[in-house]
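If you're matching positions, the sequence shown starts at 1306 in our numbering and goes up one per residue.
For glycine and all other residues, C-beta sits at the position ideal for the given N, C-alpha and C.
This structure is a prediction, so every number in the text was calculated from the model and none was measured.
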Amino acid sequence: MVKRKTAVNVHQAKTHFSKLLARAERGERIAIARNGVPVAELVPIGADRQAARHFGECVGKIEIAEDFNAPLPAEVLASFYK
């Protein structure tokens, strides 16, 4: 669960970084602002991630071409060495 967003300025963020990390661990989103303009956000890991993926959930949904591992054409290979 992600809680409300708080804004702090860069000086506050540098001074109280450990405390801000602890708040983020508890689910709070913290905007970091420079001159009153938000430039970054400290968020808990997983806050914006989708649900966990499960092995095999894409079976039948993805198709890989038979020539997937075929050598590249000479002109394409040559472009790597220019």
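What residues match up with residue i in a beta bridge as DSSP calls it?
| i | result |
| --- | --- |
| Lys1310 | Arg1334 |
| Arg1358 | BP columns for Arg1358 are empty, so no partner. |
Can you tell me whether residue i is buried or exposed, with buried defined as 16 or more other CB within 10 angstroms of its CB?
| i | result |
| --- | --- |
| Ala1329 | buried |
| Glu1380 | exposed |
| Val1313 | buried |
| Ile1335 | buried |
So what does DSSP say about residue i, is it helix, strand or coil?
| i | result |
| --- | --- |
| Thr1347 | What sits at residue 1347 in the sequence shown is Leu, not Thr. Strand. |
| Val1364 | coil |
Taking just the CA atoms, how far does residue j sit from residue i?
| i | j | result |
| --- | --- | --- |
| Thr1320 | Leu1326 | 12 Å |
| Ala1375 | Ile1369 | 12 Å |
| Val1315 | Arg1331 | 21 Å |
| Val1342 | Phe1385 | 42 Å |
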